[in-house]
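Student:
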Amino acid sequence: MRAVAALTLALALASGLAAAADAKRVRIFAVGPKIEPQWIASKEAFRAKLLGLADARLRREAVAAGVTIQDGAEDVASRLLGPTDRARPAATARDLIALPEDLGLLAAFSGQQGETARRATDITTAIGGLLATYSPQSAHYALRFPELAGRPFPPTRLLAIALTDTFAHVAVETLAELADRTDAYVVGGVNMAREWRIVCTSRADYVPPPGGEPCAKEDPALVAALRAPEDVSRTYAYEATTPDAVNMALVFDPDGRIVSRQVKAYLTPVELAGSLDLKPGLVSGLRGVDTPVGRLGIVTSKDAWMPDVTAKLDQDHVEVLVQPEFFVGDTIRTSGPWAPDIIRASGYSDVLRHPSMHTLVLPELTGNLFGFSADNQQAIMVKPRGARPAGASLLGQTPQPGLVAVSPWVAPDPATPDETLPARRTRLGAIGERLLPGSGVRCPDPAQAGACENGHVEGVLAHDVHVAQTRPVRRQRRKPRRPGSPFTPNRPLSPSRRAQRNVSLAARGRSVWAAFEERRGRRDQIVLARSGDDGARFRRPVRPTGRPAGAVDEWWPSVSVGPDGTVWCAWQDRSSGVWRAYITRSTDGGRTFGPPMPVDERAPSGVQQWKPQVAATGAGRAVLTWIDERGRFSGDDLPQSEVRAATVEGDDVAPSVRIDDGPAPVPLAATLDHAWAPSVAASGDRVVVSWIDFRTYDWRVWARESSDGGRSFAAARMLTEAPAQDEALDDTPRAALVGSGASSRAVVASTRWVKEPDGQRTVSRGYDTVLAPVDGGATVQVDGHGAGPESTFSPAVLGMRSGEALVAWQDHAHGPGDISLARVSGAAGPAPRVRRRVRVDDGGRAGSNQWRPALAATRRQVIVAWEDERDGPAQIFFARAKPGRVR
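First residue of the sequence shown? That's 34 in the working numbering, and the numbers climb one at a time after it.
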């Protein structure tokens, strides 16, 4: 195993991880325990299992506690880098330990009160046992939080609150001790009250538990009522201070203190009302967590597939993506979807897609509990770079660039080099079914992994990465035009030593405007550059927002220009204390801008707004769309993300209207029906707005059209073609109008992913780039990868007066991102056809990444701009081509 670790480190260096001199080397661990009945029997067993798995020197103690740790399982302690200053571990730590989702939930079955539940043969009986034995604690919380009595049956949210002391004493304290023992940052998953306090019998006699949390209140009677009956000598207990039971990842510092609680925003069916009845997190609540081991983004399980969650974390400059998993139900089988294909579509794809994300760590809880089973592999990934980035493979897949460490499975894969994919997956599926509860295949030795019931692999992965990278600026020599390419050599649009991102383009006559973000100190600031010669040269950028430099973050600019030359710029910032969207205009060609105007002055205070988009509709007129959180769910009083639109005339913004108010959500999405990624395009009074929506408990593209400049809209249409039973994960819809005048027609380019229902015979395709007409007709895949596993992201679309469309996208066919473009004829007709595909970027530094293109066209030139890391910090690069050559 140590040889494997050395090999993966070499692969990382070959992939371009030889970072700048000031980057910090960090060792990341993915800890994957396997569920065994013995280690959830008591706090002592729970503690012995996790500490023994993390430190091989403690495994005799684990055996004495009746706990099995698998033979050959690597540990954490023997491979720690340790802090650079032992006296200041929280400030100088160099290790990150990631543990799975739901670890804390298992503590519910510990102790005397969990004994009845442990003896149950199904989850329903187990919950019934817990409801009975925790009735005293439930009575206390029913009085304190009477709103819990109105929750759906069974009363599992009340039960989760009643379990607060058990969850904290058994699980939270163990995780805190692990962090303190290892002097590392630790991430671990729990399901419990979001907030709590410690109640003690006497502050004078109180000895803090691991983590050092102080006693908040003296109350001997309450301690006796809340603590476990066998803990008569314990002088404190944990009391919930909120009725909100959530799935969250706790982040501990090396002193065992909780420094962040990251609540899961999107819940799986078993977590919703009628089952565990957890409360979803705020849709805008996940933020990056600053630590010495990197800026962390925590995406617990389902959140890793949710495009709004990951886009906001990327925007928040997250470096290390932590995906705690208990991938229940999606196991290796001989029929149905192939679970590793689904996993590849989550954190792995997030790191490909999003520029800020450099590393993924995927810890997995495996094994069987009642009727539940999980057998997913653990993995660590780094963003692929280099001409030929190497990569390992998940089960039943080809090697994936950037996948630097993957835990073994219970059988070798592939067994023979000439084994076909269907044969390979069928063989593995038959083995996977032997692992399932009730398979009848007994394991001869619980300490050995094998193809038998609960024979899953457990262990620890480790890999070194670099964080806090500030790449020096090293301008590359301009490359000659790529042979056969219509595009000019690539150049930085506005060369800077500061990182740049999120470019938006607009053009009129011979002028081109580019708005983008530039990192100035610790703030993202929007700037706008103008070209008056068809994009050949751009002038020094100006600041359109009117905000003092460095005052607040400014995100996601959108620029448009009207027929009279009015330049509109929209963005979001936190000048009001929360994220709000604003718009401004220039009447002198983008040299100066008027004061910023809120997109909706009537929005209630405290409401957050995201990703405003603007399109000019006429002289001094425009239409806006954005994501707005003023809606509220009725089941849980939580904000709902909705799409709103408003028209603008001069300095007047009309009252906004909600436009995603289509069919009612399916029951599973009743408290999760959010919208995201709005886009707007206009040609005169013809307007089309597109977005993605979770109303069907998956992400599908929707659109609405207007013929009166955005004052009213026709009914919404769903553009995603996937059958209702097949989960879709669409993203980044981009609207355009092709043709001219009254005959123009609306199209939407988007990223598409659909769960493959027959994964044994077909590798699930990657994320595709597609173009769909809004008023009916065929959707066409434009990226050229067919049904292959290659992924593409972040399309841009430009409608041409000829009725054709140009689509550009971010392409990861070879690992690092490239920028490609396709011309689609008959774009809005019944049979659109891709006529030409070209690569736009010229490669830059071999194996560098390019992301998120934007498109605009003058009469003489098509301009493509994108983010490019070839010169060090990401810069906005661009290339031009004559329209006739692209066509």
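For every residue, glycine included, the Cβ atom is placed at its ideal position computed from N, Cα and C.
Between the Cα of PRO179 and the Cα atoms of ASP216, ALA124, ASP277, ASP264, which residue gives the shortest distance?
Tutor: ASP277
Student: Spatial neighbours of ALA54 within its chain, please: CB distance less than 8 Å, with the 5 preceding and 5 following residues excluded, ordered by chain position.
Tutor: Note that ALA54 scores 44 on pLDDT, short of 50, meaning its location in the model is unreliable and no value can be drawn from it.
Student: Is it true that the stretch 188-201 meets the stretch 106-124, where meeting means three or more beta-carbon pairs spaced less than 8 Å apart?
Tutor: At 8 Å Cβ cutoff, the stretches do not touch.
Student: 7 Å is my cut-off, CB to CB: does GLN814 come that close to chain E?
Tutor: Protein chain content of the structure displayed is limited to a single chain, and chain E is not contained in it.
Student: Here's the rule I'm using: 16 or more other beta-carbon atoms within 10 Å means buried, otherwise exposed. How should SER564 be labelled?
Tutor: buried
Student: Using the beta-carbon count (16 or more within 10 Å), is ALA748 buried or exposed?
Tutor: Taking a 10 Å sphere around the C-beta of ALA748, we find fewer than 16 other C-beta atoms and assign the residue as exposed.
Student: Mind reading off the beta-carbon distance from ILE376 to LYS788? Whole number of angstroms is fine, and I expect it under 8 Å.
Tutor: Going by Cβ atoms, the distance from ILE376 to LYS788 rounds to 12 Å, so no, they are not a contact pair.
Student: For a test of the three-state rule: what should DSSP assign to GLN481, helix, strand or coil?
Tutor: Under the three-state reduction of DSSP output, GLN481 falls in the coil class, being neither helix nor strand.
Student: Of all the beta strand (DSSP E) runs that stay within the bounds of the stretch 782-846, which reach a length of 3 or more residues?
Tutor: 801-806, 825-832, 838-844
Student: Could you check the C-alpha separation between ALA820 and ASP759 for me, to the nearest Å?
Tutor: 16 Å
Student: Reducing DSSP to helix, strand and coil, say where THR431 ends up.
Tutor: coil
Student: Can you say whether GLY583 is buried or exposed, counting buried as having 16 or more other CB atoms within 10 angstroms of its CB?
Tutor: exposed
Student: Would you mind reading off the limits of the beta strand (DSSP E) that contains ILE365?
Tutor: Premise fails: ILE365 is in no beta strand (DSSP E) and is neither H nor E.
Student: Quick check on the burial criterion: 16 or more other C-beta atoms within 10 angstroms. Buried or exposed for GLY850?
Tutor: buried
Student: Could you tell me which uninterrupted alpha helix (DSSP H) segments, each at least 4 residues in length, are contained entirely in the stretch 284-370, listed from first to last along the chain?
Tutor: 340-348
Student: Going by the DSSP bridge assignment, what does TRP724 pair with across the sheet?
Tutor: TRP735
Student: Using only CA atoms, which one of GLU352, SER382, ILE413 lies nearest to MET390?
Tutor: Considering only alpha carbons, the answer is GLU352.
Student: In the structure shown, what three-state DSSP assignment does GLY32 receive?
Tutor: The structure shown does not extend to residue 32, since the chain is modelled only from 34 to 920, so the question has no answer here.
Student: For VAL803 and PRO70, I'd like the C-alpha separation in whole angstroms.
Tutor: 48 Å
Student: Kindly indicate the opening and closing residues of the beta strand (DSSP E) around PRO253.
Tutor: Here PRO253 belongs to no beta strand (DSSP E); instead the alpha helix (DSSP H) covers 253-259.
Student: Could you tell me the boundaries of the beta strand (DSSP E) in which LYS915 lies?
Tutor: Per DSSP, LYS915 belongs to no beta strand (DSSP E) and is neither H nor E.
Student: Do PHE142 and ASN523 have their C-beta atoms within less than 7 Å of each other?
Tutor: no
Student: Give the range of the alpha helix (DSSP H) segment to which HIS707 is assigned.
Tutor: First-last for HIS707: undefined, no H or E at that position.
Student: Which residue comes first and which comes last in the beta strand (DSSP E) that contains VAL96?
Tutor: That residue, VAL96, is in no beta strand (DSSP E); its alpha helix (DSSP H) goes 92-97.
Student: Quick one: grab the DSSP three-state call for THR149.
Tutor: helix
Student: Helix, strand or coil for ALA697 per DSSP?
Tutor: coil
Student: Just the C-alpha distance for GLY627 and GLN843, rounded to the nearest angstrom, thanks.
Tutor: 34 Å
Student: Quick one: grab the DSSP three-state call for LYS512.
Tutor: coil
Student: Find out if the Cβ-Cβ distance for the pair ARG868, SER881 is shorter than 7 Å.
Tutor: Not closer than 7 Å, so no.
Student: Closest by CA to GLN605, which one among SER619, ARG572, ASP621, VAL640?
Tutor: VAL640
Student: Between the alpha carbons of THR453 and ARG421, how many angstroms are there, rounded?
Tutor: 25 Å
Student: Taking the Cβ atom as the reference point for each residue, do GLN481 and ASP104 lie within a distance shorter than 7 Å?
Tutor: yes
Student: Considering only their Cβ atoms, is the gap separating GLY327 from ASP349 smaller than 7 Å?
Tutor: no
Student: Can you find the residues in the same chain that come closer than 6 Å, C-beta to C-beta, to GLU902, ignoring five residues on each side of it along the sequence?
Tutor: Spatial neighbours of GLU902 in its own chain (CB-CB distance under 6 Å, excluding positions within 5 residues in sequence) are listed in chain order as SER881, ASN882.
Student: Can you tell me the Cα-Cα spacing of LEU657 and TRP709, whole angstroms?
Tutor: About 15 Å.
Student: Where does ILE909 sit, in a helix, a strand or coil, going by DSSP?
Tutor: strand
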